[in-house]
Amino acid sequence: MIRKAVFPVAGMGTRFLPATKASPKEMLPLVDKPLIQYVVEEVLESGVKYMIFVTGRNKRPIEDYFDASWELEYILKDQDKANLLADVDKIRDDAEFIYVRQPKPLGLGHAVLMSSAVIDNEPFAVVLGDDIISSEIPAMKQLISVYERYHSPVLALERVPEEEVSNYGIAVAKPIPDDDGVLKITDLVEKPEIHESPSNYAVIGRYILVPEIFDILRETKPGRGGEIQLTDALRTLCERRLVLGVEIKGKRYDCGSKIGYLKATVDFALQHPEFKDDMKKHLKEICLDL
């Protein structure tokens with residue numbers, strides 16, 4: 197059973213400056229909810245209760261968002277608008293939130309390592325908020341299903357176009373017989389050149405890991421910029437035990453890039469019951485002018 201999820205949110209969000217100068221990237225709105233709410237909802241719907249945020253400077257708004265706001269709630273109730281906060285209230289009621297500080301931005305591996313005292317000795321999820329995944333079955337639930345069958349670490353995979361492999365960590369992987377979409381990962385290659393890529397299976401921002409990863413991270417030497425990379429630790433993990441990948445069924449939006457964020461905004465607006473008709477009309481008008 198996976199009870200805990202780690203959200204590394206200490207990054208500075210420099211690709212979205214100046215918008216992120218005073219507000220966390222994770223709080224950028226996707227239609228009418230911040231990005232971070234989408235991934236928390238996904239994890240909660242997957243049966244995970246404890247949300248562990250690894251934070252840094254200027255990330256206090258994330259804590260405030262998932263906390264009670266008595267003044268605002270009082271005003272909304274007085275105006276008969278309490279429903280506006282219903283989604284956030286439900287998350288607060290169903291989940292437990294824990295915050296751990298990452299003193300310096302020393303890489304994704306270091307951020308995961310910062311959660312070790314809270315994780316204790318149990319398997320856990322890692323969720324990268326840049327990846328918003330729209331799917332019938334929550335992406336994390338798809339990983340948990342595989343973990344429950346094999347009791348081994350599981351990484352989310354997506355097949356990407358050949359020309360994009362240099363943007364991702366790529367898995368050296370072979371399909372597991374008679375288990376659709378599940379692969380055995382034997383190695384990882386970080387952002388390979390097209391002609392050197394072992395596959396087009398990109399590792400995306402969902403993982404289920406085991407406590408063994410913490411000792412490996414402590415042993416992992418810092419790479420470029422003094423950062424401890426999770427990919428390096430995962431390569432060692434592949435040498436020591438079975439590591440699996442699951443090809444996620446759903447559509448992923450890379451909201452860590454401006455164009456990915458804009459695409460997600462358009463698509464989610466087209467799915468929103470309040471805005472979809474007006475959005476379709478607006479897009480049709482724009483297309484006539486292109």
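All the letters of the sequence shown, read from the start, carry residue numbers 197 to 486 under the numbering used here.
Using N, Cα and C, we set each Cβ at its ideal position, and we do this for glycine too.
| Asked | Found |
| --- | --- |
| Going straight from the alpha carbon of V406 to that of I287, what length do you get? | 26 Å |
| Between the alpha carbons of L426 and E269, how many angstroms are there, rounded? | 40 Å |
| On the DSSP bridge list, what partners appear for E443? | L353 |
| Compute the beta-carbon to beta-carbon distance between I248 and V202, rounded to the nearest angstrom, for a pair I have assumed lies under 8 Å. | 5 Å |
| If you drop the 5 nearest sequence neighbours on each side, which residues of the same chain put their C-beta closer than 8 Å to that of R402? | A321, V322, V323, L324, D327, I329, A335, M336, L339, L351, A352, I444 |
| Any idea if T210 is buried or exposed, counting beta-carbon neighbours within 10 angstroms, 16 or more meaning buried? | exposed |
| Please confirm if the region 213-233 is in contact with the region 369-386, defined as three or more CB-CB distances below 8 Å between the two stretches. | no |
| Give the range of the alpha helix (DSSP H) segment to which V239 is assigned. | 231-241 |
| Quick one: Cα of L458 to Cα of S348, how far? | 36 Å |
| Of the choices R355, I390, K472, whose alpha-carbon is the least far from that of G446? | R355 |
| Run through DSSP, which three-state label would S330 get? | strand |
| So what's G365 in DSSP terms, helix, strand or just coil? | strand |
| Measure the C-alpha to C-alpha separation of V308 and I404 and round it to an integer number of angstroms. | 12 Å |
| Name the two residues that bound the continuous alpha helix (DSSP H) containing I294. | It is not in any alpha helix (DSSP H) - I294 instead sits in the beta strand (DSSP E) that spans 292-297. |
| Got a sec? Which residues, its chain only, sit under 6 Å from A264 by beta carbon, not counting five neighbours each side? | none |
| For a quick check, are the C-beta atoms of K143 and V244 less than 9 Å apart? | Nothing can be reported for residue 143, as the shown portion of the chain is limited to 197 through 486. |
| Grouping DSSP H, G and I as helix and E and B as strand, with all else coil, what is L405? | strand |
| Got a sec, what are the start and stop residues for the alpha helix (DSSP H) K480 sits in? | 472-485 |
| Residues in its own chain within less than 7 Å of R431 by CB, not counting five upstream and five downstream? | D383, L384 |
| Whose C-beta lies closer than 6 Å to the C-beta of A343 among residues of the same chain, with five residues either side of it excluded? | For the record, residue 343 in the displayed sequence is Tyr; it is not Ala. Cβ neighbours of Y343 beyond the five flanking positions: V350, I404. |
| Determine the DSSP secondary structure at E415, reduced to helix, strand or coil. | helix |
| For Q298, is the classification buried or exposed, using 16 other Cβ atoms within 10 angstroms of its Cβ as the cut-off for buried? | buried |
| Considering only DSSP beta bridges, list what I381 is partnered with. | A369, V439 |
| For a test of the three-state rule: what should DSSP assign to V202, helix, strand or coil? | strand |
| Within its chain, find whatever has a CB closer than 7 Å to the CB of Y234; leave out the 5 residues flanking it on each side and keep chain order. | L226, I328 |
| If we count the other Cβ atoms within 10 Å of its Cβ and call it buried at 16 or more, is V462 buried or exposed? | exposed |
| Please go through the same chain and pick out, in chain order, the residues whose beta-carbon is closer than 7 Å to the beta-carbon of F410, but skip the five residues on each side of it. | L309, S312 |
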